[in-house]
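Chains as they are written, first to last, in the numbering used here: chain E, 1 to 373; chain P, 374 to 519. Worksheet for the structure shown next.
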Amino acid sequence: MKKRPISDETLNRIIKFLAIIVLGFGVVLLAIQFQDFWNWILRAIRAVIIPIGLAYIGALIIFPLIKYLEKKGVGPRGFSLGLVFVLTVGLIFAAFYFLTPLIINEIRNFFADDFPIIVDYINNDLRGEFIFGVDLYDRIITFINETNVIADTVDSLVPNLIASLSNLLFPLLMAFALLPILLIFYLNDYEVISERIRSIIPPKHEKNAAELASRLNQTVGAYLRGQLILMIVLGAVATIVYKLIGLKYYFFFGFLVGVTNIIPYFGLLIAAIPPIVYSFIATSGPGPLLVLVVNVVLQFFEGNIFQPLIMSHQLSIHPIVIIISILFFGSLFGTLGVIFASPIAASIRVIYRFFRDLRQEKLKNNVTEATST
Amino acid sequence: MIKTVRPRIYSKFEINTIVFYGTILLFTPLVLVFTYVFGIEQVFDIKIYILILVIVSGIIGIVGTIILFIKRDHLKRQVKATYISEFYYLVTISIFGILGFIVLYNYLGGSPQYIANIFILLLVVFVYILLTLGRKFFNLNYSRKK
Chain E
1 MKKRPISDET LNRIIKFLAI IVLGFGVVLL AIQFQDFWNW ILRAIRAVII
51 PIGLAYIGAL IIFPLIKYLE KKGVGPRGFS LGLVFVLTVG LIFAAFYFLT
101 PLIINEIRNF FADDFPIIVD YINNDLRGEF IFGVDLYDRI ITFINETNVI
151 ADTVDSLVPN LIASLSNLLF PLLMAFALLP ILLIFYLNDY EVISERIRSI
201 IPPKHEKNAA ELASRLNQTV GAYLRGQLIL MIVLGAVATI VYKLIGLKYY
251 FFFGFLVGVT NIIPYFGLLI AAIPPIVYSF IATSGPGPLL VLVVNVVLQF
301 FEGNIFQPLI MSHQLSIHPI VIIISILFFG SLFGTLGVIF ASPIAASIRV
351 IYRFFRDLRQ EKLKNNVTEA TST
Chain P
374 MIKTVRPRIY SKFEINTIVF YGTILLFTPL VLVFTYVFGI EQVFDIKIYI
424 LILVIVSGII GIVGTIILFI KRDHLKRQVK ATYISEFYYL VTISIFGILG
474 FIVLYNYLGG SPQYIANIFI LLLVVFVYIL LTLGRKFFNL NYSRKK
C-alpha cells in the first residue's frame with residue numbers, strides 16, 4: 001500500500017508546533033540562566049497583577065449592581081457608582097465593627113477558660129481514655145520526648161512562615177490600599193477599558209475574543225457572586241444552629257464555616273473538625289454526635305439546596321472534576337490555587353466549549369459553502 | 374387528539390402577592406433569628422420585643438397591601454415565563470424563617486428536647502408548600518434535565 005504524502009498544511013503546522021516547543025525550552029533555559037533577573041521581573045509583575053486582579057474580581061461582583069441601578073434610572077454612572085461604593089464600604093465596615101470584637105472576645109475567652117482545661121486533659125486524662133490503649137499512648141509520648149519532634153517542626157516551620165508572610169504582606173497591603181482607587185476608576189470607565197482592550201486585538205480575532213471574554217466574565221462573575229452569598233448564608237445558618245444547640249464559641253465556629261466554605265467540598269469538612277473536637281473535650285454543651293449531625297445536615301443543605309440555588313447551575317461541573325482541580329491547582333499555586341480551583345476549572349470548560357462551538361460552526365460553514373458551489 | 378396541558382402563567386401581581394405575604398409571615402422569625410445571634414434577650418424584654426415585631430409586621434402588611442392594590446392593574450399586565458429569582462428569594466427566607474420559628478419556640482419557653490422534632494416538622498411543611506407553590510405559580514419544572 002502506498003503511503004499518502006504529508007500535505008504542506010500539516011507540515012507547516014508541525015514546524016510551527018516544533019518551533020513553539022523549542023522557543024518554550026529556550027525561555028525555560030533563559031529563566032534558569034538568569035534566575036535573579038526573572039525573579040526581579042516576576043516580582044514586578046506580581047506587584048501589578050495582585051491589585052489589578054483584585055480590582056477585576058471586585059468589579060465582577062459590583063458591576064452588575066451598578067448596571068441594575070442604571071437600568072432602574074439611578075444615574076449618571078458617577079452617582080450609581082458612588083451609591084454602590086458607599087454601601088459596600090459601609091457594609092464591610094459594619095461587618096468588621098460588629099463581628100470582629102465578638103470573634104476576638106470568643107478567642108480570648110477560649111484561651112482564658114478552655115485552653116488550660118484542654119492542656120490539662122491531654123497531660124492527665126487522655127492517657128486513660130486513649131482509644132488505642134495506654135501502651136501505645138506511652139510509646140507516642142516517649143517518641144515525642146526523645147526525638148523532640150514538636151520543637152524541631154515548630155523551629156523549622158516558623159521562620160519559613162514568617163519569611164513567606166513578609167514576602168506576601170507588602171504586596172497585599174499595597175493591593176488593599178490601591179484597591180478602592182483602582183476599583184472606582186475601573187468601574188467608572190468599565191466599557192471604555194473593555195473597548196480599549198478590544199482594540200488591541202487584531203480585527204480578524206476581535207469578534208471571537210469579545211465573545212470568549214464575555215462568556216468568561218459571565219461564568220467567573222456568577223461564581224464569585226454566588227460564592228460570596230453562599231459564604232454569608234452558610235456562615236449565618238451555622239452560627240444560628242450552633243447557638244441553638246448550645247455550643248460555646250458559636251460565633252467563631254460559624255465564622256469558620258463561612259470562611260472555609262470558599263473551598264468547595266473540603267471547606268465544610270475542615271470547618272466541622274474544630275467544633276467536633278471541642279465538643280468532645282468540653283465538659284458542658286452539646287455532645288460530639290449532635291455537632292457531627294448538625295455538620296452533616298449543613299453539608300447536605302449546602303450541596304442540595306444552597307449550592308444549586310445560589311450558583312443556579314452556572315458552574316455545573318462534576319464534583320470529581322472540582323476535587324481534581326482543587327488538588328492540582330492547590331499544589332501549583334498553594335492557598336490561592338485551592339480557593340480559585342473551581343472558577344479556573346469552569347473557565348477552562350468555557351474556553352474548551354467556545355473553541356468546540358467555533359470548530360463546529362466552521363465545519364458547518366464549510367459544508368454549506370461546498371453544497372452551494 | 375392528544376391534549377397538551379399548558380401551565381397557566383401568572384402575572385407579577387399574583388407572584389408579588391405570594392412573595393409579599395410570605396415575607397410578612399416570616400418577618401418576625403427572620404428578625405428574631407438574626408437578633409438571637411447577638412443575644413438580644415439580654416438587652417430587651419423578649420416578649421415586648423416580639424410584640425413590637427408583630428406590630429411592625431402588621432403595619433408593613435397593611436401598607437404593602439395598599440401599595441399592591443394601587444399597583445394592581447400595572448402589575449397584572451406584567452408577565453414572565455418563569456419566576457426563578459422570586460422563588461429563590463422565597464426559599465432563602467424560608468430557610469432562615471424555619472430557624473426563626475425554632476428561636477421563637479425557644480423564647481416562648483418551649484422545651485429544648487423537642488427542637489429537632491419541630492425542625493423536621495417545619496421543614497417538611499415548608500418544603501411541601503414551596504414545591505407546590507413553585508410548580509403551580511412560579512412555573513418551575515423540577516423534573517427538567519439540567
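All residues carry an ideal CB built from backbone N, CA and C; glycine is no exception.
Minimum Cβ-Cβ distance from residue i to chain P less than 8 Å
{"i": "Lys-243(E)", "result": "yes"}
{"i": "Val-257(E)", "result": "no"}
{"i": "Ile-344(E)", "result": "no"}
{"i": "Thr-239(E)", "result": "yes"}
{"i": "Pro-5(E)", "result": "no"}
Nonlocal neighbours in the same chain, by C-beta distance under 8 Å from residue i, ignoring five residues either side
{"i": "Phe-510(P)", "result": "Tyr-383, Glu-387, Ile-388, Ile-391, Tyr-456"}
{"i": "Tyr-121(E)", "result": "Ile-281"}
{"i": "Leu-448(P)", "result": "Ser-384, Lys-385, Phe-386, Asn-389, Leu-441"}
{"i": "Glu-211(E)", "result": "Phe-354"}
Residue interval of the alpha helix (DSSP H) (run including residue i)
{"i": "Ile-131(E)", "result": "No alpha helix (DSSP H) holds Ile-131(E); DSSP gives it neither H nor E."}
{"i": "Asp-189(E)", "result": "Run containing Asp-189(E): none; DSSP gives neither H nor E here."}
{"i": "Asp-446(P)", "result": "445-449"}
{"i": "Ala-282(E)", "result": "Run containing Ala-282(E): none; DSSP gives neither H nor E here."}
{"i": "Ser-7(E)", "result": "Ser-7(E) -> no alpha helix (DSSP H), and no H or E assigned at all."}
{"i": "Ile-61(E)", "result": "35-71"}
{"i": "Phe-417(P)", "result": "Per DSSP, Phe-417(P) belongs to no alpha helix (DSSP H) and is neither H nor E."}
{"i": "Ala-370(E)", "result": "341-372"}
{"i": "Glu-302(E)", "result": "That residue, Glu-302(E), is in no alpha helix (DSSP H); it is neither H nor E in DSSP."}
Sequence-distant residues of the same chain with beta carbon closer than 7 Å to residue i, five excluded per side
{"i": "Ile-20(E)", "result": "none"}
{"i": "Ile-475(P)", "result": "Ile-488, Ile-491, Phe-492"}
{"i": "Ser-279(E)", "result": "Leu-247, Gly-285, Pro-286, Gly-287, Pro-288, Val-291"}
{"i": "Thr-371(E)", "result": "none"}
{"i": "Phe-355(E)", "result": "none"}
Residue burial classification, residue i (beta-carbon count within 10 angstroms, cutoff 16)
{"i": "Asn-295(E)", "result": "buried"}
{"i": "Lys-519(P)", "result": "Only weak support exists for where Lys-519(P) lies, its pLDDT of 46 falling under 50; the value from the coordinates is given anyway. Lys-519(P) should be labelled exposed."}
{"i": "Leu-157(E)", "result": "exposed"}
{"i": "Glu-9(E)", "result": "exposed"}
{"i": "Phe-132(E)", "result": "exposed"}
{"i": "Asn-479(P)", "result": "buried"}
{"i": "Val-377(E)", "result": "What is shown of chain E runs 1 to 373, which leaves residue 377(E) out entirely."}
{"i": "Lys-16(E)", "result": "exposed"}
{"i": "Ser-214(E)", "result": "exposed"}
Residue i at chain E interface by Cβ criterion, 8 Å
{"i": "Val-392(P)", "result": "no"}
{"i": "Ile-382(P)", "result": "no"}
{"i": "Lys-518(P)", "result": "Residue placement at Lys-518(P) cannot be trusted, given a pLDDT of 48 that sits under 50; the coordinates are not used to answer."}
{"i": "Val-410(P)", "result": "yes"}
{"i": "Leu-472(P)", "result": "yes"}
{"i": "Val-368(P)", "result": "As shown, chain P starts at 374 and ends at 519. That puts residue 368(P) outside it, with no answer to give."}
{"i": "Lys-423(P)", "result": "Here residue 423(P) turns out to be Ile, not Lys, going by the sequence shown. Not an interface residue."}
{"i": "Ile-488(P)", "result": "yes"}
{"i": "Ile-475(P)", "result": "yes"}
{"i": "Ile-502(P)", "result": "no"}
Residue i and residue j closer than 8 Å at C-beta
{"i": "Pro-288(E)", "j": "Ile-276(E)", "result": "yes"}
{"i": "Tyr-250(E)", "j": "Thr-239(E)", "result": "yes"}
{"i": "Thr-396(P)", "j": "Ile-466(P)", "result": "yes"}
{"i": "Val-84(E)", "j": "Ile-61(E)", "result": "no"}
{"i": "Leu-81(E)", "j": "Leu-187(E)", "result": "yes"}
{"i": "Glu-76(E)", "j": "Leu-178(E)", "result": "The residue you asked about is not Glu; residue 76(E) is Pro in the sequence shown. Cβ distance not < 8 Å, so Pro-76(E) and Leu-178(E) don't count as in contact."}
{"i": "Tyr-265(E)", "j": "Ile-323(E)", "result": "yes"}
{"i": "Phe-255(E)", "j": "Gly-235(E)", "result": "yes"}
{"i": "Ile-317(E)", "j": "Phe-329(E)", "result": "no"}
{"i": "Leu-54(E)", "j": "Ala-175(E)", "result": "yes"}
Residues near residue i in its chain [Cβ-Cβ closer than 6 Å; skip 5 each side]
{"i": "Gly-473(P)", "result": "Pro-402, Leu-403, Leu-405, Val-406"}
{"i": "Gly-58(E)", "result": "Leu-183"}
{"i": "Ala-95(E)", "result": "none"}
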